[in-house]
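One structure is given here, and the rest of the page talks about it.
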Ligand code: PGA
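Residue numbers (the numbering used here): 6 to 261.
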């Protein structure tokens, strides 16, 4: 199965000029004759720059797709500051990240909110990248606690998704991101990440239903350590934050 790499720009860069420049660098890399990425690639810039990347389909090199970093669960109405699924679709967005730990932490996004967003996005035909992962205190308590935490998060965030819920192939992707490894400069060990990813793949969601989703690893992944994760067939790709803003890193990552 093709691996999936998500480049999450988070709240960067500061200007549309810089975003355009960085994006042009991505395109240049992908258009180069010797560049043959084996993975499917998704770039998720901040909302305000999505419009610049709208024409991705026509000038699309390689497998580059467009993603957003969040969305709102209502489709219309008076919701100041929010962005709907339809707005994203109209900008050519195919993927949306939901439940990133930074939003859970700083914006108090609960599993209930995340669940509403997941269902809205899937109904709208967007592909969801649902982020889950335990904090340091849970990890320190041991594997049994981590598994309990992850199972709980998964089942709450995916409530309502049962066998009857018509999931299109590959429309739901899980990103396992231990919170303590995000932006920390030190990732989880590939072996521990692998164990958790296997666990996620076997965990039933509501109604005893096992998802057939891709599961990615995220948290301080860069060009130096990514191979150690992707060498396992069970790890279907990666969610990459900081390294996605450095073009040399991107070059080394996509040419793996
Ligand atoms: P990082 O971020 O690669 O900077 O740790 C990962 C993420 O966006 O989840």
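Don't be surprised by glycine CBs; every beta carbon is placed ideally from N, CA and C.
Predicted model only: the values in this text are computed from it and were never measured.
So, is residue 201 buried or exposed, given that buried needs 16 or more other C-beta atoms within 10 angstroms? buried
Looking at residue 244: is its Cβ nearer than 8 Å to the Cβ of residue 13? yes
With 16 other CB atoms within 10 Å as the buried threshold, where does residue 8 fall? buried
Tell me the rounded alpha-carbon separation between residue 241 and residue 40. 21 Å
Looking at residue 103 and residue 119, is the spacing between their C-beta atoms short of 8 Å? yes
Does the separation of the CB atoms of residue 181 and residue 137 fall below 8 Å? yes
Is it right to say residue 192 is buried, meaning 16 or more other beta carbons lie within 10 angstroms of its own, or is it exposed? buried
Output the distance between the C-alpha atoms of residue 51 and residue 57, rounded to the nearest integer angstrom. 11 Å
In angstroms with no decimal places, state the Cα-to-Cα distance between residue 310 and residue 47. Here the chain comprises residues numbered 6 to 261, so residue 310 is not present and cannot be evaluated.
Output the distance between the C-alpha atoms of residue 114 and residue 158, rounded to the nearest integer angstrom. 12 Å
Considering only the beta carbon of each residue, do residue 237 and residue 199 sit closer than 8 Å? yes
Check whether the Cβ atoms of residue 98 and residue 32 lie closer than 8 Å to each other. no
In whole angstroms, what separates the C-alpha of residue 112 from that of residue 142? 20 Å
Do the segment 122–140 and the segment 78–96 make contact, defined as three or more Cβ pairs closer than 8 Å? yes
Can you tell me where the alpha helix (DSSP H) with residue 187 in it begins and where it stops? It is not in any alpha helix (DSSP H) - residue 187 carries neither H nor E in the DSSP assignment.
Chain-order list of residues whose beta-carbon lies under 6 Å from that of residue 63 (same chain, five-residue window excluded): Its pLDDT being 44, under 50, residue 63 is placed unreliably by the model, and nothing is read from it.
Going by DSSP in three states, residue 225 sits in which element: helix, strand or coil? coil
Could you tell me if the beta carbon of residue 187 falls within a distance shorter than 7 Å of some heavy atom in the ligand PGA? yes
Mind pulling the beta strand (DSSP E) runs of 3 or more residues that sit fully within the segment 48–91? 69–73
Measuring alpha carbon to alpha carbon, tell me which of 122, 37, 85 and 147 ends up nearest residue 74. 122
Short Cβ contact (8 Å threshold) for residue 59 with residue 100: no
DSSP three-state assignment for residue 104, whether helix, strand or coil: coil
Can you say whether residue 19 is buried or exposed, counting buried as having 16 or more other CB atoms within 10 angstroms of its CB? exposed
Checking 8 Å against the spacing of the C-beta atoms, do residue 228 and residue 186 come in under that value? no
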